[in-house]
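Sequence order for the protein chains is A and B. Heads up: the first sequence begins at 96 in this note's numbering, then just goes up one per residue. Heads up: the second sequence begins at 292 in this note's numbering, then just goes up one per residue. Yeah, the Cβ is synthetic: ideal placement off N, Cα and C, and Gly gets one too. Following: one structure in structure tokens, then a few remarks.
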Amino acid sequence: MSNFSIDFGLACLIGALVAFAFGAGAGIYGGVKADRRWVDSARRAVYAAAALLIVCVVTLEAAFLRSDFSLALVADHSSTTTPTLYKMTALWGSQGGSLLLWAFVLSIASSGVLFATRHKHREVVPWATAVLCGLGLFFCGLMLLAGGANPFERMSPVPAEGLGLNPLLRHPAMAIHPPMLYSGYVLFSIPFAFAIGALIARRLDASWIRSTRRFALLAWIFLSVGILLGAGWSYVELGWGGYWGWDPVENASLMPWLVGTAFLHSIMVQERRGMLKVWNVSLICATFALALLGTFLVRSGILQSIHAFGESTVGTPLLVLIAVVLGGSTALIVSRLSYLRAERRVESMASREAVFLVNNVLLVGLAVIVFWGTFFPLISEAITGERSTLAGPWFDRYVTPLAILLVLFTGIGPLLAWRKISAGRALRLFGPPTAFAGVVLVALLLFTESASEPGALVMFTCAAFAFAGLVGEFVRGASAQRALTGGAWPVSLGRVVVRNRRRYGGYIVHTGIILAFVSIAASSSFQDSDDVRMLPGDSTNVGDYELTYVQPTAFRDLEEQRLTFGSIVEVRRDGELVETLTPSRNYYSSSSAGTVRSFFEGEATSEVGRSGGAGEDFWTAMRPDLTEPAIDELITTSDREIDRLLIPEELPDPSTPGGQAEMRQIAEARSVAQGQIITELQERFEDGQIPVDFRINVNPLVIWIWIGGAIAVIGGLIAAWPTPPARRRRVSDVYAARLAKDLNRA
Amino acid sequence: MEAVLLTLFVIALVALFVSVPLRPGAKSREKRIEDPERAELEARKEAKYRQIRDAELDREQGKLSKGDWAQADAELRREAIEILRAIDALEERR
Numbered sequence: 096m097s098n099f100s101i102d103f104g105l106a107c108l109i110g111a112l113v114a115f116a117f118g119a120g121a122g123i124y125g126g127v128k129a130d131r132r133w134v135d136s137a138r139r140a141v142y143a144a145a146a147l148l149i150v151c152v153v154t155l156e157a158a159f160l161r162s163d164f165s166l167a168l169v170a171d172h173s174s175t176t177t178p179t180l181y182k183m184t185a186l187w188g189s190q191g192g193s194l195l196l197w198a199f200v201l202s203i204a205s206s207g208v209l210f211a212t213r214h215k216h217r218e219v220v221p222w223a224t225a226v227l228c229g230l231g232l233f234f235c236g237l238m239l240l241a242g243g244a245n246p247f248e249r250m251s252p253v254p255a256e257g258l259g260l261n262p263l264l265r266h267p268a269m270a271i272h273p274p275m276l277y278s279g280y281v282l283f284s285i286p287f288a289f290a291i292g293a294l295i296a297r298r299l300d301a302s303w304i305r306s307t308r309r310f311a312l313l314a315w316i317f318l319s320v321g322i323l324l325g326a327g328w329s330y331v332e333l334g335w336g337g338y339w340g341w342d343p344v345e346n347a348s349l350m351p352w353l354v355g356t357a358f359l360h361s362i363m364v365q366e367r368r369g370m371l372k373v374w375n376v377s378l379i380c381a382t383f384a385l386a387l388l389g390t391f392l393v394r395s396g397i398l399q400s401i402h403a404f405g406e407s408t409v410g411t412p413l414l415v416l417i418a419v420v421l422g423g424s425t426a427l428i429v430s431r432l433s434y435l436r437a438e439r440r441v442e443s444m445a446s447r448e449a450v451f452l453v454n455n456v457l458l459v460g461l462a463v464i465v466f467w468g469t470f471f472p473l474i475s476e477a478i479t480g481e482r483s484t485l486a487g488p489w490f491d492r493y494v495t496p497l498a499i500l501l502v503l504f505t506g507i508g509p510l511l512a513w514r515k516i517s518a519g520r521a522l523r524l525f526g527p528p529t530a531f532a533g534v535v536l537v538a539l540l541l542f543t544e545s546a547s548e549p550g551a552l553v554m555f556t557c558a559a560f561a562f563a564g565l566v567g568e569f570v571r572g573a574s575a576q577r578a579l580t581g582g583a584w585p586v587s588l589g590r591v592v593v594r595n596r597r598r599y600g601g602y603i604v605h606t607g608i609i610l611a612f613v614s615i616a617a618s619s620s621f622q623d624s625d626d627v628r629m630l631p632g633d634s635t636n637v638g639d640y641e642l643t644y645v646q647p648t649a650f651r652d653l654e655e656q657r658l659t660f661g662s663i664v665e666v667r668r669d670g671e672l673v674e675t676l677t678p679s680r681n682y683y684s685s686s687s688a689g690t691v692r693s694f695f696e697g698e699a700t701s702e703v704g705r706s707g708g709a710g711e712d713f714w715t716a717m718r719p720d721l722t723e724p725a726i727d728e729l730i731t732t733s734d735r736e737i738d739r740l741l742i743p744e745e746l747p748d749p750s751t752p753g754g755q756a757e758m759r760q761i762a763e764a765r766s767v768a769q770g771q772i773i774t775e776l777q778e779r780f781e782d783g784q785i786p787v788d789f790r791i792n793v794n795p796l797v798i799w800i801w802i803g804g805a806i807a808v809i810g811g812l813i814a815a816w817p818t819p820p821a822r823r824r825r826v827s828d829v830y831a832a833r834l835a836k837d838l839n840r841a
Numbered sequence: 292m293e294a295v296l297l298t299l300f301v302i303a304l305v306a307l308f309v310s311v312p313l314r315p316g317a318k319s320r321e322k323r324i325e326d327p328e329r330a331e332l333e334a335r336k337e338a339k340y341r342q343i344r345d346a347e348l349d350r351e352q353g354k355l356s357k358g359d360w361a362q363a364d365a366e367l368r369r370e371a372i373e374i375l376r377a378i379d380a381l382e383e384r385r
């Protein structure tokens with residue numbers, strides 16, 4: 096049964112590859128010959144690929160659940176003791192699994208958009224189908240042809256136990272972070288494919304945007320959720336004390352998010368004013384190329400990252416795909432410049448479209464800075480031969496001013512009308528938010544220490560301006576609705592949001608983003624932090640808090656091959672006990688090295704201790720100092736002694752049955768001896784003989800990053816929510832009737 | 292051998308499914324597909340209606356004076372009427 100299901104899964108993967116290959120060819124042929132039958136056939140090929148990839152995913156999930164170690168993927172990324180949730184999510188912890196996830200999400204999203212547009216875009220859809228199939232073909236081909244990327248690769252001989260999931264991935268946020276991120280990356284392929292289709296077919300009006308805008312917005316939502324979960328995981332699991340470290344893989348997800356955000360704003364200008372056509376197709380091509388770059392950075396291992404879980408077998412093909420995407424789309428855009436001329440010009444700088452343009456420049460500018468900082472190690476190596484990296488302060492220096500301007504213009508944009516606004520009206524609309532920002536500035540200067548951090552002070556003031564502007568928008572909208580229909584304030588507010596989902600959904604997104612920016616500025620500028628080495632009974636003060644290391648704890652989980660060194664710490668404020676926390680450090684047995692030292696040099700995770708609320712977050716992580724001379728000597732001597740006593744001068748021949756039994760006996764004896772040393776270390780730690788390095792942070796407002804992010808995601812969903820067709824028709828009919836009346840009059 | 296047969300079976304199923312529109316006598320869907328010109332006009336019409344609604348909302352919120360709004364609204368409506376006329380003309384031609 097097991098063999099059959101693996102064979103069937105592999106057959107389905109090959110079937111999906113064939114379906115994508117046929118779909119790409121049929122799409123191109125249908126486009127060239129304008130033959131609808133071939134286009135329909137290509138669309139069916141996408142449906143078929145989606146169905147087959149569903150079977151592949153289900154087959155692999157079933158193999159994980161029943162711990163079928165005859166599959167290398169299952170044996171390398173799970174074990175019989177892996178909890179069920181992590182067995183189910185282990186699929187995307189591997190290279191083959193994550194590529195399958197890419198192809199799977201692509202096929203589902205492609206099926207959705209091709210079904211929705213089956214009666215539309217006669218000239219664009221064949222090419223878009225070909226592009227989507229081409230991408231599917233690439234990822235299926237990569238799984239089947241690149242070494243070590245086939246998710247159905249078998250193990251021989253079949254091991255009795257699997258290696259287990261990477262300990263860093265055993266966290267609920269990491270269970271859903273990769274699919275969210277990948278869904279974001281993949282969904283950007285839909286507007287990209289339609290943009291390419293529109294360029295090839297020379298149909299460069301806003302209709303391709305109309306059909307794919309929602310997919311771009313969903314991509315943005317998924318990417319946002321993925322980034323937020325990744326930041327959350329970093330904050331509570333990695334034990335370095337922060338949520339964002341300008342790590343290459345973090346940056347890789349931020350770049351498409353920034354350029355994708357610019358795209359979502361600029362397409363509004365094309366839809367309404369017929370402008371920025373070159374900019375829009377360029378932005379979506381860049382966004383998709385950056386999404387591919389994100390996958391490349393995670394999977395290639397080209398840049399050192401705490402998040403890079405992949406090997407390097409798929410790096411080169413992905414790089415080739417990125418080059419093809421960039422080169423092909425640039426050539427297409429250049430060849431279609433005459434079709435991409437703007438229908439209008441910006442009439443006034445005091446208009447919403449002008450501010451959108453400025454915001455676009457800022458967002459792309461931020462992406463360029465992040466790109467430069469991320470790839471600087473490679474650039475510096477290419478030029479000087481030495482690899483240098485740019486650390487957090489470099490990013491902060493260049494990103495902060497642009498982020499402040501972005502928040503300011505996020506506040507200015509909604510206050511302006513499309514086309515132009517008179518100076519008098521602008522002054523009236525800008526008055527209240529400016530006054531509010533002034534009051535906030537004065538209050539901050541008088542009652543807080545914000546003056547010591549000018550960057551944060553300017554950010555808070557700009558955020559106050561933007562926030563007041565947005566509140567004003569909601570108030571004015573609800574007032575206007577109330578004047579028309581009467582009723583209570585909340586009802587009017589609800590009505591105005593529902594009737595103008597795109598506009599007010601966008602405002603909710605802005606509110607969330609502003610909250611997140613404020614909390615980033617506050618938590619990074621006003622953090623109290625200390626690194627202290629402590630023994631049981633020691634105390635230290637950080638900010639207004641006193642931390643006392645009360646007691647060490649140690650625990651061994653034989654099933655998970657995990658040793659946990661923990662601590663009980665008491666946190667006091669003004670002498671009052673606030674909370675008792677239990678931060679710990681987990682060490683996992685490494686199967687490769689087979690020494691006591693390898694236990695502590697392999698993967699390790701932190702369980703941080705946190706106590707906090709809306710105002711601030713008390714955060715602490717611990718790390719026992721195992722390099723302490725006495726402990727270090729114990730480990731070194733033990734490893735040497737175990738080797739001396741248990742490894743014979745001549746190793747038995749593992750190809751003979753007797754030799755295999757002897758090898759097993761040696762391994763078991765080593766395991767018992769190592770277990771005794773680990774027990775001794777455990778006892779020494781519990782006796783308080785091993786000092787512990789504590790990192791203690793007091794982060795103001797940090798929780799608002801995730802609250803703001805959640806508000807932004809809700810706003811995105813409101814903006815993406817479809818307008819009911821009946822209502823759209825009714826509104827259209829009303830306008831048509833009014834316009835017809837005008838027409839008769841004219 | 293079993294694996295090869297399974298793969299061939301899956302590919303045969305795919306071929307059966309995707310070839311439906313290519314078989315002789317397959318029903319053409321050509322007429323049900325939106326004309327690209329019409330699609331473009333519909334997109335422009337929707338965008339124009341959105342602009343008219345936006346302008347109304349901007350006036351209600353005090354971002355446009357009554358005079359500015361009347362001028363913008365009249366222009367937008369004129370453009371909308373042109374689009375409606377173009378849609379009618381396209382319908383008549385078909």
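query                                                                                                                          : result
Beta bridge counterpart(s) of Glu711(A) as assigned by DSSP                                                                    : Pro795(A)
Nonlocal neighbours in the same chain, by C-beta distance under 6 angstroms from Trp133(A), ignoring five residues either side : Ala121, Tyr124 and Gly125
When Asp738(A), Ser624(A), Arg657(A) and Asp633(A) are compared against Arg790(A), the one with the closest alpha-carbon       : Ser624(A)
CB of Met684(A) within 7 angstroms of CB of Thr659(A), strictly                                                                : Correcting the residue type first, residue 684(A) is Ser in the shown sequence and not Met. No, they are not a contact pair.
N-terminal and C-terminal residue of the beta strand (DSSP E) that Ala698(A) is part of                                        : For the sequence presented, residue 698(A) should be read as Glu rather than Ala. Taken as a continuous stretch (DSSP letters only), Glu698(A) belongs to no beta strand (DSSP E), as it is neither H nor E.
Neighbour list for Gly353(B) in chain A, Cβ cutoff strictly below 8 angstroms                                                  : Arg520, Arg523, Leu524 and Arg571
Coarse secondary structure for Val219(A), derived from DSSP in three states                                                    : coil
Glu382(B) at chain A interface by Cβ criterion, 7 angstroms                                                                    : no
Which residues DSSP lists as bridging Pro647(A), in chain order                                                                : Ser662(A)
Any C-beta of chain B under 7 angstroms from that of Glu366(A)                                                                 : yes
Neighbour list for Ile378(B) in chain A, Cβ cutoff strictly below 9 angstroms                                                  : Under the 9 angstroms cutoff, chain A gives no residues; its nearest Cβ is about 10 angstroms from Ile378(B).
Residue burial classification, Leu299(B) (beta-carbon count within 10 angstroms, cutoff 16)                                    : exposed
Whether Leu457(A) touches Leu500(A) by CB criterion (7 angstroms)                                                              : yes
Under 7 angstroms from the C-beta of Asn595(A): neighbouring residues of chain B                                               : Leu348
Gln342(B), buried or exposed, once every other Cβ within 10 Å from all chains shown has been counted against 16                : buried
Ser687(A), DSSP secondary structure in three states                                                                            : Model confidence at Ser687(A) stands at a pLDDT of 47, short of 50, so the residue's coordinates are unreliable; what they give is reported in the following sentence. In this structure, Ser687(A) counts as coil in the three-state DSSP scheme.
Where Met292(B) falls: helix, strand or coil (DSSP)                                                                            : coil
Below-7 angstroms beta-carbon distance, Gln391(B) vs any chain A residue                                                       : Absent from the model: residue 391(B). The displayed extent of chain B is 292 to 385, so no value can be given.
Length at least 4, wholly inside the stretch 201 to 247 of chain A: the alpha helix (DSSP H) runs in chain order               : 220 to 240
The stretch 332 to 342 of chain B in contact with the stretch 363 to 382 of chain A per 3-pair CB rule at 8 angstroms          : yes
Straight-line gap, Ser517(A) to Pro351(A) (C-alpha atoms, nearest Å)                                                           : 36 angstroms
Close-in-space but distant-in-sequence residues of the same chain around Gly803(A) (CB under 6 angstroms, 5 per side omitted)  : Gly607, Leu610 and Ala611
Straight-line gap, Thr731(A) to Ser619(A) (C-alpha atoms, nearest Å)                                                           : 41 angstroms
N- and C-terminal bounds of the beta strand (DSSP E) containing Asn636(A)                                                      : Ser634 to Val637
Residues that Leu371(A) contacts on chain B, provided the C-beta gap is smaller than 9 angstroms                               : Neighbours of Leu371(A) on chain B: none; closest Cβ ~14 angstroms, over 9 angstroms.
Proximity test, Cβ basis, 7 angstroms: Leu313(B) and chain A                                                                   : yes
Residue from Ile291(A), Ala143(A) and Leu239(A) whose Cα sits closest to the Cα of Ser206(A)                                   : Ala143(A)
Residues of the stretch 217 to 249 of chain A whose Cβ lies closer than 7 angstroms to any Cβ of chain B, in chain order       : Arg217 and Glu218
Leu540(A), buried or exposed, once every other Cβ within 10 Å from all chains shown has been counted against 16                : exposed
Under 7 angstroms between C-beta atoms of Val305(B) and Gly110(A)                                                              : yes
For Ser624(A), the residue or residues it bridges with in DSSP                                                                 : Asn792(A)
Inter-residue Cα distance where the pair is Ser587(A) and Leu166(A)                                                            : 58 angstroms
Those residues which DSSP pairs with Asn681(A) across a bridge                                                                 : Thr659(A) and Thr700(A)
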